Structures are given as C-alpha cells and as structure tokens.
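Residue numbers (this note's numbering), protein chains in the order written: chain R, 903 to 1386; chain P, 903 to 1386; chain A, 903 to 1386. Glycine residues also receive a C-beta, built at the ideal position from the N, C-alpha and C atoms. Values in this document were obtained by computation on a predicted structure and should not be read as measured data.
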C-alpha cells in the first residue's frame, strides 16, 4: 500500500454535506432537516483534557505533528498496531537510552500519512478528515506522497496570527470548555483566566483519583499537596476529608461544575470509619496494599464524594472500567496514556447501589455515569437513569465515541431512559482541534437517529427538532448545572 | 417545555399506518404485505399480570389515571426520573404520613401529560399513542395544555356501558389471556369464571416464587396456605413437595398451561435431599439465611418444578435476572413493583445445565427462558434453544420489549435458533389497555424483520408470510400447549 | 408444515444476484460495485476441519446425506431441536443398542428436507441454498414432497467423475486450504500430498489441545504419541516441551502456518516450572485433577506455545469460550461434536495479558484471537488488536459466522481496530461443500458494510474496493504468513 513518494497525483479530499447520515432516502431527508437546526449551535464542552495552560498563555502551536499526532493516543495506538513504527518513532519520549525518539516533526507526520489506510472505517479518520478540510483547508488525501505538501500547508495555517488557543475557541464556536485538574491543583491558572475575563468560558474540573488510590506511588505527597492547596493541613483521615471538602468548594468557587472519577470499578460501598482511617494512615506512611484494599478504599471515597456533592452541588462524573497500562514494558519505557489502556467488563447495578440508596433521590445530587462496556446500556445504565432523578447516562466514551457506537447508544438507551436522562455529548478529548469534528459527528448521529424515528413514524418532526436542540445545547448545560 | 395551560392550540395526534416499519422502500413494502396477513389475527396472551378479579366481577373502570397511569410502572419510573414528581404525586400509596398521596385523578393525569416529552423514543410513548387514538379516539397530543380535554374525552369513553373488562376482551380481539396467581391461590375466581363459561379464555398461571424463596418474610404462612389450598397439610419438606405437586395439578385442571418463576438467578442445581429438608425446616420456624442459602434452595426448587413439569405437562417459564427494589427507602415507603427493579448480568449455560441434562430431551418437558440481559441472546439462549427440543427462547422481556429490543432479538436469536425455537410474543403486562398496542407493535417488528429478509433475498415472500402467521398465532399456542 | 409427499408442485429455488446485500438503494449499488471486484478472487481457507484423507485418497463421496447432512453439526442441532427426530434418526452412530441408527441415506435426506422450514433465517439455510443451486444445480425448494427428486438429482451429480475432492478444490477456486491435525500426527498424509505436488495447497495445522488438557482420558497416550512422532522420547516435563517444540517444527516444515488452540478459557498465565512439572508428572500416571488445575495447566501451555511461536514463527490461533458436550447423556450415546456445545462468557483483557506482556510486541509473534462472545468485540478484542502489533481479531466464529453476526462484527470491531487488524475470513468448517458458500457470504457482508461506509460518505469508493480486495485475499494470506 506504500506509494512512491512524489509520484502519485493528488487524490482529492473533501467533506460531503451528508456524511454520517443514514443513506435511506426518508431518513436522510429527516436527518438533514434536524441537523439544519442544530449544526450551528454553540459547542458545550463540559469535560475534556485540553491543558489549561494553553488558554492562560495563549501560546501558538509549533508544528503539525505536535498539534495533531503525538498527543492523540487514538492515532498512536493504530499506527503502533501496524507493526512498522513504535511509539518513539512517533515522537513519544522514551526512558530507553538505546531507543532514540524521533524529534523531526515532519518525519513523524510522514509516518502518520503513510499509515492513513489503517484508519479506514475509524472515527479517528472521520475526525481528521474534518480537521484537515475544515480547519486547515487541506484538499488532498494523506499518503506518503502527499505528506510533505500537507505538512507545509498546515504549518502555513498554524503560522497565522489568529491560530491561537483563545481565538480558536471563537472559531470553533465553543461557548464553554471544561479542563481536568488534579485534586491538589492550586487553581492559579484558572484564577488568572478569571482575572482576564475568561473564567466563565474555561472551567476547572476536580479530579481526585490520585488522592483516592492507595497504591498511587505519590499518594502521601499528593494528599499533602491537596491539603496545602485547600489551606487545610492534613494530619489524619478526618483532616483529609475536610481538606477534600474545602478543595472541592475552592474548585466550585473557581467555576467548576463537576468532579471526575476514573476508578477501575464502579463500586461505591462505604467502609466503617475505622477501616477507612486505618487504610489512610497506612497509605500515608507508604505501606503496600492488596488490590482488594485499593478498590475498597476507592469505593469508600466515591461514596464520600457523593456525600460531599450533596453539599456543594458539584456534578459527579464516574468513568470506570479501564485497565490502565496493559503492557508493563511500554509503561516503563514510554509512560501512561499512550494507547495501552484496555477496557474490562464492569458491573453497575450492585456497585452503584450504596450511593444511589443514600443519595439517588436527593435533589442536590447529580451523577453522570459513563461506560465503555456497551453490555450495560440496556441492562443496567438505562434502567438506573430511567428511574433515579439524580442519575444520567454519560455519552458513549472513548472507544465507543464513534458513529456506530453513538448509534448503538441511542438505540439501546433511549427506549428505557429516554433522551432526557442522558448527559448530552461529552468530548473528553486531549486533541483540541478534534473538538468541533467530534461535536459535529455527534450531532449528525443524533440527527440520524431522530430522523429514523421520524421516518418510522415513531416521532413527529417538531418533536425531533426540539429534541435535537435539547441534546446539543440545553441538556449538556442542564446536566452539568450546579445543583445547590 | 411547560406550556401555558389553555393557551396553545391542539397539536394533532394520529397513528400512521406504516409506523414502526423500516423506512427503506423494498423492506417497507415487504413488511406491509406480511403485516397485512397477521394484523387481524386473534391475540394470544399466554402470560400477563392483569388481575383475574377484573374478569370475574366485570366491574367498570373508574378514571383515566387509575386505568392508564398509576398501575403502569413504566410510566411511573420515567416521570419520577425527571425529578419534579415523586411516586406519591402520581397516586402511589405511601407509608409515610408526612408525604401525602395525590388522590385527585385529574391532577395525576395532568402530571402525566406534562411529562409527555420525556417519553419520546420509548415504547411507552408508542403504546400510549396507540391506546389514546385506537381505544379512546383521542385526536390531540398530550401536554399540560391538553390534559383536561383529553381526560374528559377518555372519561367519557370509559363511562360507556361496553367499556368493561369482558367486552374489551372481544374488542381487543383477545382469544385467550393468562393471569398470574400465587402458589397458595384457592382458584375460586378462576372456578367462577369457568362456571360462567369463561374458563377457556382466562387461564390461571401457577407462580410459586413466594414458597421457594427462603427469605420471604411470610414463607411459612404462604407454604401452609398452599397446603390448605391443595388439600395436602404440610408438616415437612416431603409434604411440601406433595402439596406443590397437588396444587400444580389443581391449576392444570383449572385450565393453567404454565408455571412462572421469577428467581434472581437461573441456577437449577438440585441439593441433596437432607440439605433441602434442613433448609425448609429452618424456614418454617422463621430462621434467617445467607443469600447463598436462599439462592441454593430456589435453584433446587426450580429443578423440582422441572421434574414435576415432566409429570403434569405444565410449561415452565423462567424469568431471572432482576434485582428487585433497588432503593430500599422507596420500597419501605411505596412498596414493591413501582419501577425500582434493575436488571443484573445473568448466566444460563452452566445454570440451566442440571435441569437440561435431566429433562432437556424429555418430550413431556417444555421450558421457555426469558432474559432482560441481551448479552446472552447469541451466546447462550439461542445455542441452547437451538438444540434442546424442550427449550424455547422467550420473547424479549420488560425493558427490551420495545421496537429496537425486539429487532435486536430477531437479529441475534434467529440465526442460531431459527424462528421456531422462540416462544411467540408474550406481553407480560399489568396494563390491560396496552395489550393490543403491544401485540400490534410486536407484529410490526416481526413483519419488518421478515420484510428485511425478503428484501435482502434471504427468504421468499410466501415463507415470510407463513412465518409471520406462525409467530403471531400458531407458535405462542404451541409453545404453551400442555405437554402430557 | 408437513406437506403430502408427491402432491405439491415444485416450488422454484434460485439464488438472487443481490442476496445478503443491504436493501437500501445507494448502499446496494456500492456493495454491488465492491463485490464485483472480489467475487472471483481465489478462496484462502487457512483454517478448517476437512479431513486430509479426502485429498490424499481423492475418493469419491457416496451419497447426499453423508456428504451434506450427517457431518454438519449445524444441521443436526436444528433438526434435533424440533423434537421429531433424534441424532440416530439422522445417521449419527449411537452407543445405545436399543436405539437403532438410521442407515438409509435417502431416509436421512427426507428428514432433513422435511425440516427445511426450521432453517428459515439461519446461515445454514443460506449456505445450503447456495450449495444446492450452485454446486448441484437443484431448482426446487426442499420439502418432504421434493426430497426424493432432489436426492436423485444430487446423487447424479455426485456420481460424475469430476466430483472428487481435488477436482472440487479447483472448481471451488480454493487456492489454499488448511486442515486441522492432532499434535501427535505423523503427518504421513501431508507428506504424501507433498510428494504428489499438493503440499502448497493443503496445509496441516498443529492442534495440541489433547496434550495440554490434563483431564483428557488419553493424555499420557497422546503425549507419548507426540514424542514418538517428533522423534523425541518423552520422559518428563522437559522432554515433553522439547517434543512439542520439535513437533511444531515438523509441522512448519510440512507447510503448516499455524497452530490452533481450543481451550475453555483465554487465560495465558504461566506457572512456576515446578508446579507445571508436578502437574505433568501426575497426569502421566493417570491422576485426577480439579477443574482449576486443568485450566491452570492449559493456560501455562498457551503461554509456552506463544514462546515457541516466537521461535518457529507459527501463527497462534486461540478459540476459547465453549462448554463442550453440554448434555452428558448425549455425549455418552452419540459422542462429541454433534451440536451440544454451548458458548459461555469469556474474558480476554486480563486473560491474554501475560502472553501479550511477554510477546505482544515481538515481531516474530502473531496471534489471532477468536470469540463467540460478541460482548468482547468493542470492549476487549478490538482495543487489544488495535494496539498490539502481534494480535489480530479472528473472523466471527461458529454461531456468529452468519450474516447478522458478520455485520455486527464489522460494525463493532472496525471503529477501534480498523480493517487491517482483523484476520480475514476463516471458514472453520467440516462441511467441504459449504466452503464456497461461506466465503461468498462473507464477501457479500463485507461488501455491504463497505458499501454502507461509501453511501454514508465515510469512505471513498476506491478505498472501499481496495479494502474489499485486501479483506478477501491479501489480509488472510498475510495474517497467516510465517513470521520468521
């Protein structure tokens, strides 16, 4: 599949106006009509992983590879899977002195373009096409032959004065964007943004995983840092809870609307206070733990965070079900979050029960529960969200944030939970330039599903349009609205 | 979404003749042709939860809320999930003296109509539209603005002389309907019906869950009542089995064709007789049990019931996989069966093995196995039913008794089990007026699936029509035919 | 459904050129165009269960029943499930002296034809139609009425001189076919084939299940036979490993490209060498084992085989997740592999981790992982294959080797793993005459899925055609290419 560089003629690249709509005539007509009402609505991006620094410093980006390739673990993993290149060849820094990391961004870009056929049928391909055409005006298909031309073209756009994070927020039509910030964060960056008048547009999110995971190697350090940031010195389990409570309120006061929890499992069973105290004390002196102890403490702290949420009104996002860093050697060499995280089966009905029994009907509580395990859509998440007023089913996440995944999500969840017990789209991405593409795709899939309901005479057009607008704009805002 | 009452003009409500058919032209044409042959076939409703009293007394219904809203846990749960109303606001009786239960049916009806948008995309919405238009002749869309007009319109129809349970059986074209009756039932009502000539049309179903569940708080009382009803005084485990055997035969002689089993799990492992005896004896004196003991005894009794089924020929329905009353506070306040039952993952291959090894090839045995957990469709249920002559896969149940759920069921089960190892449609509902709507929807989905097979040249039209007729009429009758 | 023999007129049977394509106009047009490019490509059948003897001896087949009915467990199980006939009535040899086995092939054929309606909507029906029309030129639909005519027609074709295994390889356009051969095989047949110039066309596959399963009743015998075949006398665990290594190389030298592993679970955790030694020693003296010991030793040996694969380059096929011989009485009476094997839920993320951590990034290693449990498509297999260079997701297997199953496979796996981390089609069948039908159906489903991507503007037509050709021809060859 490797073409001779410079030899082949350019193959055109463009975006079809009907892309990702169902092909069937009446369904497509209905989808178009619904999409027409929602395509230009502002983007509500309540949860993602774009670094807050980008907005504080508003620094220009350097090159196509570091903007589009290296930070995107979806890209990394697919290229690595093809066997020709390893992570270092794609610019990921390695701890291995014998394994040089490629530092030439043009060379990295070439490797990505050469791998273009491997992305056929994937959402990554879909998003990238959208970005290349819509943001950068690229007009030819990526390949080894076209790589340099496209690289230069993108670089040229990136060199323009307006190509900066804040300006892009406007150009991308992003009304509000949430970042993700560790529990010990001083919030200095978010305060600076607030002073500059950007406090309503870039919001922090409280992510306390590191201070809830007993086998985190820097647990004690992170806990103490949280206490320092919160102004509550941590000397024991009780001051730890007090500091967390205070830090959550600092986040809320800095504009945060949500917390984010990436536990391995969804368990929310509280422990007896003495047990929790003892585990905490051992962790602060660097003791080691069984996996069961680690999971039990995390479950306990999820319950505690739910209790705190009823006080401070922060929306609780739960993202369980991923075995992180599946390949230890890759973790040791290249670090975390570079594509070797693999989902596992996950249970919610029993796991969430302690939390929902305690707070599920509390009007101050809101939890949004995400999954990569589609098996629970009809079986567990839709039935739970379809009765508990506090709970919403999160948008399909990670590997299933994709055309087929989103379609299956609507087909599976809607019949039991309706549209109004779902979260609205959440992009959850580190790839800043993919945000418009991701939201656009989600709108197209929702328009397609609503269009099918219209074409099958299961919903009237006026209702479908209203629902489309709600899913795109009103529901995500309301899902993440402060509760008290 | 709340409109000003009385202000908005009426939005029309009607039923499209092609509703719930696939939109694609050739598929829809084939579906129409198949549906034309099955739409007027009599309804075979072999298993449901309509109270037998309604037919014995043939009493008129009182008002729209108590007919259509309060008894339907699908409606309850969706309205509750929206956070504005709790169960008491919808007429569910509460044990909480501080929490008044709404008793004005018109007010309950308004709350339901106000919540109409929350039902978009759900089967409840689909069924209700069908009922409102087809049974009551309603011509405008429910909303807070139209609530009173619709209420009056329905009440007017309900006041007509013919709007009574027995007459509705005719108007609904229901040839036969099964009720569900506890193991200790005296069958007085069914006997009365038989004396009145209705014995072939309204059939009892033997449901022994309460006398097979050791932690049922009224276990001993229920067991003794079964003995009394059966005329077999129960003094120990052996007379308990004898009474159950006798009571099953009383049910069969009263027209029953099936038993119904709602265990948490599907396990059918028999216990050593001494173990079963000891557990039974402890339960009769009010001892408490571990969850494992409870499940083990239920599994044992499922096996015993299968053995009895080989003698008396009653068809065994197994409905596992639901964690009942997920929210304890709601259970304590409002009781059971009001929307807080949540499915769990469930295993069948190993669980059913003891029963199928013992009786699976026995020509006198028939079991119909239901699931809410779609994961087992291709993996476990279709392979089992596709080889054991005794077993059929039950129609998609509860949360997946829905357009998408039924479509996925046919797509998943047919390829391994065919059409002729499935049960035919089972409505399993408490909502009497929804029965025609539910059967009509099932016929439409089957017609759509068969139509797709025709349009994709995987089945000839004459075969599709015959299969449609079989699924609608012949197969449910034959699935529940007495076996000996 | 039973027609009067000889009375009914013949109902025509034919193959529609668009069969199994999506009905939607633009999708079907795209599918046709893609299919046009792939339909005549040679069949690559890298893994199946056709007996090697057929090719060595090139013996003619005897009759329609023993060619098409009795060896096909898909047919057996469906007919048995209908309750009228048991396995003996269909020609399966029984150990039960009181239960005569039908030996008249015409009578068996009649029973199969009578059961034709039970196959509606199944892949078996689809394959058989293809075989009847395309291989035998049958022109009427099977039924009890037409059974004898069709029987005579097929027998007539079978009597032709060219109707022999080797000639059929040409007529079926099979470029290469893999057989499955036990670990102790002498490879005499494959050597004969090689001497006759057929060595590149009919390849052995090394299947060591029997010598890795401690509770195999003939474990010691099979192990010793493997040593003898390999020329490495086995006296202990270490010579057992050495013999296996040597035998794998003998297979490779005889043309084998792969090994095949049918363990119950996917676990690949290695044991301490002393533990493995002790278990092996006990097995060689006929000791009995707990299920946990059996599974642990198998997991250990999967790991060992992966290590050997890195040396000899044989591709490792893993097929877990089936509970064999679910009904013991049927096993005792009729033996194995006659339709009573039932899938179970299966976990891969943790199970494959030891193997993938050790060898997953090794360029000499290739594993192809199959499943019948669709739940793992998006959750586990696609994420794993979408990052590990060594791993590919196997084609949907057994019960899900079907139109809907293959469609769901592409919809679920492609978005995370792409097309190029899948194995290409693997027929895995014992039914020789079904091979062209199975490959043709797979090509149609792939063309339909690719056609949908084109119709939804998610892929360009030139890319879809190239991908179709790759999936059909290049990818299966490359997936099974020797790695060192």
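Check your understanding: What span of residues does the alpha helix (DSSP H) with residue 1144 of chain R cover, start to end?
Key -> 1139-1155
Check your understanding: Taking Cβ-Cβ distances below 8 Å as the criterion, which residues of the stretch 963-989 of chain R are in contact with chain A?
Key -> 979, 980, 982, 983, 984, 985, 988
Practice item. Given a cut-off of 7 Å, decide if residue 1272 of chain A and residue 1314 of chain A are closer than it, judged by their beta-carbon atoms. Key: no
Review point. Are the Cβ atoms of residue 1353 of chain A and residue 940 of chain A separated by less than 7 Å?
Key: no
Review point. In whole angstroms, what is the alpha-carbon distance linking residue 1233 of chain R and residue 1011 of chain A?
Key: 60 Å
Review point. How long is the line joining the alpha carbons of residue 1214 of chain A and residue 912 of chain R, rounded to whole angstroms?
Key: Cα to Cα, the separation comes out at about 43 Å.
Exercise for review: Using alpha carbons as the reference points, say which of A:916, A:1344, A:1009, A:978 lies closest to residue 1236 of chain A.
Suggested key: A:978
Point to revise | Beta-carbon gap between residue 1211 of chain R and residue 1267 of chain R smaller than 7 Å | key: yes
Check your understanding: First and last residue of the alpha helix (DSSP H) that includes residue 1318 of chain P?
Key -> 1305-1319 is the span of the alpha helix (DSSP H), which, as asked, contains residue 1318 of chain P.
Check your understanding: If you draw a straight line from the alpha carbon of residue 922 of chain P to that of residue 1351 of chain R, how long is it in whole angstroms?
Key -> 14 Å
**Study point:** C-alpha distance - residue 1262 of chain P paired with residue 1369 of chain R, whole-angstrom precision
**Key:** 49 Å
Review point. So what's residue 1293 of chain R in DSSP terms, helix, strand or just coil?
Key: strand
Point to revise | Selection of the stretch 1249-1267 of chain R by Cβ proximity to chain P, strictly under 8 Å | key: 1249, 1251, 1252, 1255, 1258, 1259, 1262, 1263, 1265
Check your understanding: By Cβ distance, which residues of its chain are closer than 7 Å to residue 1359 of chain P, with the 5 residues on each side in sequence left out?
Key -> none
Check your understanding: Does the separation of the CB atoms of residue 1223 of chain A and residue 1274 of chain A fall below 7 Å?
Key -> yes
Practice item. Just grab the DSSP bridge partners of residue 1080 of chain A for me. Key: A:1105
Practice item. Express the C-alpha separation of residue 1058 of chain P and residue 1066 of chain P in angstroms, rounding to a whole number. Key: 13 Å
**Study point:** Cutoff 8 Å; reference residue 904 of chain R; Cβ partners in own chain excluding five residues on either side
**Key:** Unreliable positioning characterises residue 904 of chain R in this predicted model, as indicated by a pLDDT of 41, which lies under 50. A coordinate reading is not provided.
Review point. Counting contacts by CB-CB distance shorter than 7 Å, is residue 905 of chain P in contact with chain R?
Key: With a pLDDT of 41 at residue 905 of chain P, under the threshold of 50, the modelled position of that residue is not reliable, and the figure given next carries that caveat. It does not; no Cβ of chain R falls within 7 Å.
Check your understanding: Can we say the stretch 1185-1194 of chain A touches the stretch 1241-1249 of chain A, given the rule of at least three CB pairs closer than 8 Å?
Key -> The stretch 1185-1194 of chain A vs the stretch 1241-1249 of chain A: no contact.
Check your understanding: From residue 1363 of chain P to residue 1326 of chain P, what distance separates their C-alpha atoms?
Key -> 20 Å
Check your understanding: What residues in its chain sit with their C-beta under 6 Å from that of residue 1318 of chain R, if we drop five residues either side in the sequence?
Key -> 1284, 1285, 1288
Check your understanding: Expressed to the nearest angstrom, what Euclidean distance is found between the alpha-carbon atoms of residue 1128 of chain R and residue 1099 of chain R?
Key -> Near 26 Å, if we compare the C-alpha coordinates of residue 1099 of chain R and residue 1128 of chain R.
Exercise for review: May I have the straight-line CA-CA distance separating residue 1130 of chain P from residue 1228 of chain P, to the nearest angstrom?
Suggested key: 34 Å
Practice item. May I ask you to list the residues that DSSP assigns as paired with residue 1269 of chain P? Key: P:1218, P:1293
Review point. From the beta carbon of residue 946 of chain A, is the nearest beta carbon of chain P less than 7 Å away?
Key: no
**Study point:** 7 Å Cβ cutoff, residue 920 of chain R in contact with chain A
**Key:** Chain A contact via Cβ: present.
Practice item. Indicate the three-state DSSP secondary structure (helix, strand or coil) for residue 1371 of chain P in the structure shown. Key: Residue 1371 of chain P falls in the helix class under three-state DSSP.
Point to revise | Same chain only: Cβ atoms within 8 Å of residue 981 of chain P, ignoring 5 sequence neighbours per side | key: 987, 992, 1013, 1014, 1017, 1020
**Study point:** Residue environment, residue 1119 of chain P, which counts as buried when at least 16 other CB atoms sit within 10 Å
**Key:** exposed
**Study point:** Assumed close pair residue 1328 of chain A, residue 949 of chain A - CB separation to whole angstroms, cut-off 8 Å
**Key:** Contact holds; Cβ gap of about 5 Å.
Check your understanding: Nearest CA to the CA of residue 1169 of chain A: which residue from A:1316, A:1299, A:1277, A:1250?
Key -> A:1250
Practice item. Could you check the C-alpha separation between residue 1217 of chain A and residue 1348 of chain R for me, to the nearest Å? Key: 42 Å
Check your understanding: When the Cα atoms are used, what is the spatial distance from residue 994 of chain P to residue 983 of chain P?
Key -> 15 Å
Practice item. Mind checking which residues open and close the beta strand (DSSP E) that includes residue 1163 of chain A? Key: Run containing residue 1163 of chain A: 1160-1163, per the beta strand (DSSP E) assignment.
Exercise for review: Report the residue ranges of all alpha helix (DSSP H) runs contained in full by the stretch 1054-1098 of chain R; include only those spanning at least 4 residues, in chain order.
Suggested key: 1067-1073, 1090-1097
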